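A.B. asks: In the numbering used here, the protein residues as written are 9 to 139. Note that beta-carbon positions come from the ideal geometry of N, C-alpha and C, so glycine has one too. Remember, predicted model here, so these are calculated numbers, not experimental data.
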């Protein structure tokens, strides 16, 4: 009985946390102009030696696999802005529910954590080409 009650309490606490995060995310995105609001951006940057091409390829493959596994259609807006291949992947993630968005973002960060030439932003705008 105590174990069941503990599991129920834990599930309730997690549900409240997820709901709060989802509300905060929706409010942050709503504060941005809708044509420039992106849920998540992944930037492949260079520190003088070019971008991490291997990580960029892995990320492209990850998006394709995530789409296939979850029957969704994530389509990033690609923005090239540097002389050494710097590129931003701007993702609205509108076809994903709040849980899927959190999973996608967490999995992306895990996949690319070893690269020193990748940066992330949530609830932000996307650079314009060349800027």
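1) Using three-state DSSP, classify residue 80 as helix, strand or coil.
2) Please check the pair residue 64 and residue 52, which I expect to be a contact at CB under 8 Å, by giving their CB distance rounded to whole angstroms.
3) Go through its chain and collect everything with a Cβ distance to residue 4's Cβ below 6 Å, but skip five positions before and after it.
4) Specify whether the region 115–135 and the region 75–83 touch according to this definition: at least 3 beta carbon pairs, one from each stretch, less than 8 Å apart.
5) Compare the Cα-Cα distances from residue 134 to each of 104, 99, 110 and report the closest residue.
6) With distances taken between CB atoms, is the gap from residue 67 to residue 87 smaller than 9 Å?
7) May I have the straight-line CA-CA distance separating residue 164 from residue 130, to the nearest angstrom?
8) Could you tell me if residue 105 is buried or exposed, where buried requires 16 or more neighbouring beta carbons within 10 angstroms of its beta carbon?
9) Can you find the residues in the same chain that come closer than 6 Å, C-beta to C-beta, to residue 71, ignoring five residues on each side of it along the sequence?
C.D. replies: Short version:
1) Taking the first residue of the chain shown as position 1, residue 80 is located at position 72. Coil, per DSSP.
2) By one-based count along the chain shown, residue 64 stands at place 56. By one-based count along the chain shown, residue 52 stands at place 44. With a Cβ gap of about 5 Å, residue 64 and residue 52 count as contacting.
3) Outside the displayed span of the chain (9 to 139) sits residue 4, for which this structure offers no information.
4) No, they do not touch.
5) If you number the chain shown from 1, residue 134 lands on position 126. Ranking 104, 99, 110 by Cα distance to residue 134 puts 99 first.
6) Against the chain shown, residue 67 aligns to sequence position 59. Against the chain shown, residue 87 aligns to sequence position 79. Residue 87 is positioned such that its CB atom lies no closer than 9 Å to that of residue 67.
7) With the chain covering 9 to 139 only, the question about residue 164 has no answer from this structure.
8) As a first step, residue 105 must be located in the chain shown, where it is residue number 97. Residue environment analysis places residue 105 among the exposed positions, since fewer than 16 neighbouring C-beta atoms fall within 10 angstroms of its C-beta.
9) Here residue 71 is taken as the residue at index 63 of the chain shown, counted from 1. Answer for residue 71: 82, listed in chain order.
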